[in-house]
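The sequence shown begins at 210 in the numbering used here and counts up one residue at a time.
Here the structure comes first, spelled out in structure tokens, and everything after it is commentary.
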Amino acid sequence: MSAPDAITSPQNPRIKNLLRLQQKSSERRSQGLTIIEGLRELTIARANGIEVPTVFVCAELAGPAHEAELRALFAGSGTEWVEVSKAVFGKVAYREGSDGVLALARPPQHTLESLVLPENPLLLVLEAVEKPGNLGAILRTADAARATAVIVCDPRTDLFNPNAIRSSIGCSFTVPTVATSRPELLAWCAARGIRTYAAALTEAAVPYTSCDFRGPTALVMGTEADGLTPELMAACDQTIIIPMQGYIDSLNVSTATAILTFEAVRQRGA
């Protein structure tokens, strides 16, 4: 049973706003908010300094243990606590088997100039990424490899799409993620001596295992449908391939990114 002051109508203005934020990137941009669902993801977000103005909780789904953990997580933070009925939560939840926790969060605003680079940065560059699931999976790889940042050129999805956050299992908040343009990226890399490796099937491409990724490195990946644009491919220092032994000539972009990233990690002796 819901608490007496819980939101029980899907027509409630706050619930309608949650749905708008889920469905429209323009709303997320204009309000400066995104949505995080799940206690694990929220815990990671909080550990990385993400501001969470409001948390919506369905006590029936969360259960006493999760609710107590959630209250401890936000103790003294000033976060607003809003209870909702199970029926209403079912309208706003965007994944199966939800644990009854959903929050509004202010995503970080990273830029190329704000990135703090180590001596030998390892950057993952994605051009025109459009599938939030791929972005989320690559963010998980970046987190696991302790990559310096993920940089997205001319993105076709916003970096903090709720589905990207879900796919990343919260790694959207552990790895600095920047949206920029192709010219800005290339100029920024050149100014910092970062060597760019474009994953592309060309005559000039060399196997990734023959490359030296121990210095400042940017691994540049295209979309699954179209690959890299000719302009970005031509501007990179080297094109590389993952040799294929079977019938197919390509891999899922998140899988390919993971292979290249962990080769760089191996070479760096991490």
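For every residue, glycine included, the Cβ atom is placed at its ideal position computed from N, Cα and C.
Check: Consult DSSP for Arg404 and reduce its assignment to one of helix, strand or coil.; Outcome: strand
Check: Mapping the DSSP letters down to three states, classify Met210 as helix, strand or coil.; Outcome: Below a pLDDT of 50, predicted positions are generally treated as unreliable, and Met210, at 40, falls in that range; no measurement from the model is reported.
Check: Nearest-angstrom Cα distance between Met210 and Glu260?; Outcome: The predicted position of Met210 is uncertain, since its pLDDT is 40 and thus under 50; a value taken from the coordinates is nonetheless stated next. Going by the C-alpha atoms only, they are around 30 Å apart.
Check: Among all the DSSP beta bridges, which residues are the ones paired with Phe265?; Outcome: Val291, Leu311
Check: What are the start and end residues of each continuous alpha helix (DSSP H) run of 4 or more residues lying completely inside the region 337-381, in chain order?; Outcome: 341-354, 371-377
Check: Per the DSSP calculation, Met442 is bridged to which residue(s)?; Outcome: Paired residue(s): none; Met442 is not in a bridge.
Check: What three-state label does DSSP hand Leu326 in the structure shown?; Outcome: coil
Check: Which one of Asp421, Asp446, Ser235 has the shortest CA to CA distance from Glu472?; Outcome: Asp421
Check: Mapping DSSP to helix, strand and coil, what is Gln232?; Outcome: helix
Check: In the structure shown, what three-state DSSP assignment does Glu278 receive?; Outcome: helix
Check: By how many angstroms is the C-alpha of Pro330 removed from the C-alpha of Pro337?; Outcome: A small correction: the amino acid at residue 337 is Ala; Pro does not occupy that position in the sequence shown. Going from the Cα of Ala337 to the Cα of Pro330 covers about 22 Å.
Check: At what residues does the beta strand (DSSP E) containing Gln447 begin and finish?; Outcome: 447-450
Check: Is the region 402-419 close to the region 439-455, with three or more CB pairs under 8 Å?; Outcome: yes
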